[in-house]
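For reference, the structure is listed below as structure tokens.
Chains as they are written, first to last, in my numbering: chain L, 301 to 605; chain U, 9 to 442.
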């Protein structure tokens, strides 16, 4: 009797800590944010007036919100697409017998363990307008000084490079792990049939690791939609000016998360209601974009035909 | 493999849950001071936390204070300018985490004096006796809105001057002696004319000014009325002095005189070292900053008078948040840090200029020179600037209004908008500030 009770109850007891913590730090803030978003709610005021969907309608008419949405999608595409292509290619290269295999694999992960602050500060210097290394190298090819932080496209490229620097290796390792589960015989047979390296990648590897690709695409999409530290620090360390959370004076690289931060914490109004509404719309956007990407990646042919 | 992980897993999980629980439990307690007693017993060790947004030059004073107050321990937390002030707002609102002493820059002072119930009335500890020491307007800024409570005691004032690079001026064929340089620009228009001459001389790698942002701030501060009227209405759209400052700032950009380096950013710091700009607006506290940033250029900088008359830019107050566990001791520390003698000491070390007029004619200040600035008589320069200062009313959202205008200047500087387009957007942004 005691034994069966133990068998029945203990699994729930084991998973309970996660769900309790999730409820406290995941679910509750989510629901509470929705509640706050329906109010005229600032940190400093003592009363909170219920305004229904008022914050949402203001938000949908706020061109800075749409600007941030555009920037987020643009930086998301610019960073995620090349990042995943590069990650698959790197993983493919490492998925064979190499000397110093472990060394290569560990070094892939190194950019990911560096602090984001250090990465952005260093890359801001590399992308510096007057004394940056990248402009210096471009000058060899006759390209004039680019003010990376000033332009919309150029600042998005600079930020995407920082994001790629941190996450490509990490994703490559996940792909590598999946690739190692692909049976060797398939490659041996393909080699005997005269299939080239690239054909093997395209016709064997990618279809075989499809579930992993879907997983990585979704996780990267979610990550890209939530970018905040990079643009915020880039704004402060690039010398282009602008408020601490406006992403440049023209909001040229203000992402959604940064917009939320600006409304809720960087303004001296501390407009929690408005920031909460923006968070919720951002949440919806993340779900929609992740869903679209899921549908697209699912169309990658699975298994071997 | 698997069983080993499982065996390891549970204790790890328990440990982290425990750690989390203790972290949560601890969070509420240690705000402000280390002790939870509300009043200190004699001989008890007291820890006072001082929250600042830069180096105020207080460190030697703490040491001195500890000699006479052996039971006081002082911890200084320095945070970046913007973060410091927004943290303070959050900490006041949530009633946890603020220091025993908090510095507030003048751009934010009205934000905080508008919340008198969040701060200790220093009158309770007899600090209203200090009123006689202070510049009247500086004293008034530290009072609650109705004028009945003393919430903050002033540290420094930022009387304006213009710092310039002698060597770059010489290269450009301009006069380089400070009196001659001052004579070049009684007005801002003449300052811009001088800038054009400087630009025409094509000094390699150097522009005339770092960026228009701080110049704009100085020009607005020189006006009798700034971004707010006396009733706390934002008057950016209707105040001709603000528009004039805006136009002149954009003129600097249009004439290609700016190095496009936003103040306090890392490339701006590099700009000091590389000599990327020949002039920079110099409130007294800036001299300490230049000395810190441009160590190698000792003797190359000098100080001239500012175009357009006197004004104040920057300066701070020290306040005691009500959540402090040791308000009495904190008030005593503020009294000490802002005393006449100590303001004089800090000025000589850091360059932040006293807000106590009795010092302005004191020979030790009047005759004080700084070798870094070519033995410029900075004591006399800033005394004169401070004496001529006319106070300006500052409103509760100064910082947000400035950010909106600063972004506008930045858009023009980065070539994204014409000055008129940028101005229209600034007015829209300002309208949204609640």
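Every residue, glycine too, gets a C-beta built ideally from N, C-alpha and C.
What is the residue span of the beta strand (DSSP E) that residue i lies within?
i              : result
residue 309(U) : 309-312
residue 287(U) : 285-289
residue 110(U) : 109-113
Looking at the structure shown, is residue i part of a helix, part of a strand, or coil, going by DSSP?
i              : result
residue 573(L) : helix
residue 244(U) : coil
residue 355(U) : helix
residue 561(L) : helix
residue 167(U) : strand
residue 72(U)  : helix
residue 33(U)  : Residue placement at residue 33(U) is flagged as unreliable, the pLDDT there being 35, under the threshold of 50; the coordinate-derived value follows with that caveat. If DSSP states are grouped into helix, strand and coil, residue 33(U) belongs with the helices.
residue 386(U) : helix
residue 333(U) : coil
residue 376(L) : helix
residue 586(L) : helix
residue 502(L) : helix
residue 546(L) : coil
residue 262(U) : helix
residue 527(L) : coil
residue 378(U) : strand
residue 339(L) : strand
residue 622(L) : Within the shown structure, residues of chain L are numbered from 301 to 605, placing residue 622(L) beyond reach of any answer.
residue 311(L) : helix
residue 443(L) : coil
List the whole-angstrom C-beta distance separating residue i from residue j, where the pair is believed to meet the contact cut-off of C-beta under 8 Å.
i              : j              : result
residue 446(U) : residue 420(U) : Because chain U in this structure spans residues 9 to 442, residue 446(U) falls outside the shown range and cannot be described.
residue 229(U) : residue 90(U)  : Incorrect: roughly 19 Å between the Cβ atoms, too far for contact.
residue 393(U) : residue 105(U) : That pair is no contact at about 37 Å.
residue 161(U) : residue 373(U) : That belief does not hold up - the Cβ atoms of residue 161(U) and residue 373(U) are roughly 20 Å apart, past 8 Å.
residue 121(U) : residue 176(U) : That pair is no contact at about 42 Å.
residue 311(U) : residue 389(U) : 6 Å
residue 454(L) : residue 446(L) : 6 Å
residue 518(L) : residue 395(L) : Between residue 395(L) and residue 518(L) the Cβ distance is about 23 Å, and since that is not below 8 Å, they are no contact.
residue 263(U) : residue 223(U) : That belief does not hold up - the Cβ atoms of residue 263(U) and residue 223(U) are roughly 13 Å apart, past 8 Å.
residue 369(L) : residue 585(L) : 7 Å
Alpha helix (DSSP H) containing residue i: first to last residue?
i              : result
residue 469(L) : 452-479
residue 302(U) : No alpha helix (DSSP H) holds residue 302(U); DSSP gives it neither H nor E.
residue 93(U)  : 89-102
residue 432(U) : 427-440
residue 52(U)  : That residue, residue 52(U), is in no alpha helix (DSSP H); it is neither H nor E in DSSP.
residue 326(U) : Careful: residue 326(U) lies outside any alpha helix (DSSP H), inside the beta strand (DSSP E) at 320-327.
residue 83(U)  : Residue 83(U) -> not in any alpha helix (DSSP H); beta strand (DSSP E) instead, spanning 80-86.
residue 274(U) : 274-282
residue 236(U) : Note, residue 236(U): premise wrong, no alpha helix (DSSP H); not H, not E.
residue 355(L) : 354-360
residue 405(L) : 401-413
residue 146(U) : 144-149
residue 364(U) : First-last for residue 364(U): undefined, no H or E at that position.
Cα separation between residue i and residue j?
i              : j              : result
residue 577(L) : residue 339(U) : 42 Å
residue 329(U) : residue 64(U)  : 19 Å
residue 436(U) : residue 358(L) : 15 Å
residue 333(U) : residue 384(L) : 54 Å
residue 561(L) : residue 371(L) : 15 Å
residue 582(L) : residue 401(L) : 41 Å
residue 311(L) : residue 520(L) : 31 Å
residue 423(U) : residue 549(L) : 11 Å
residue 29(U)  : residue 103(U) : Only weak support is given to the placement of residue 29(U): the predicted model assigns it a pLDDT of 37, under 50, and the question is left unresolved by the model.
residue 74(U)  : residue 83(U)  : 12 Å
residue 182(U) : residue 203(U) : 10 Å
residue 173(U) : residue 293(U) : 18 Å
residue 57(U)  : residue 142(U) : 25 Å
residue 511(L) : residue 534(L) : 35 Å
residue 569(L) : residue 558(L) : 16 Å
residue 471(L) : residue 516(L) : 7 Å
residue 270(U) : residue 318(L) : 46 Å
residue 123(U) : residue 152(U) : 8 Å
residue 345(U) : residue 327(U) : 12 Å
residue 501(L) : residue 392(L) : 7 Å
residue 350(U) : residue 69(U)  : 8 Å
residue 580(L) : residue 330(L) : 8 Å
residue 316(U) : residue 184(U) : 20 Å
residue 197(U) : residue 252(U) : 11 Å
Contiguous beta strand (DSSP E) assignments of at least 3 residues, all confined to the segment 167-233 of chain U: 170-173, 215-217
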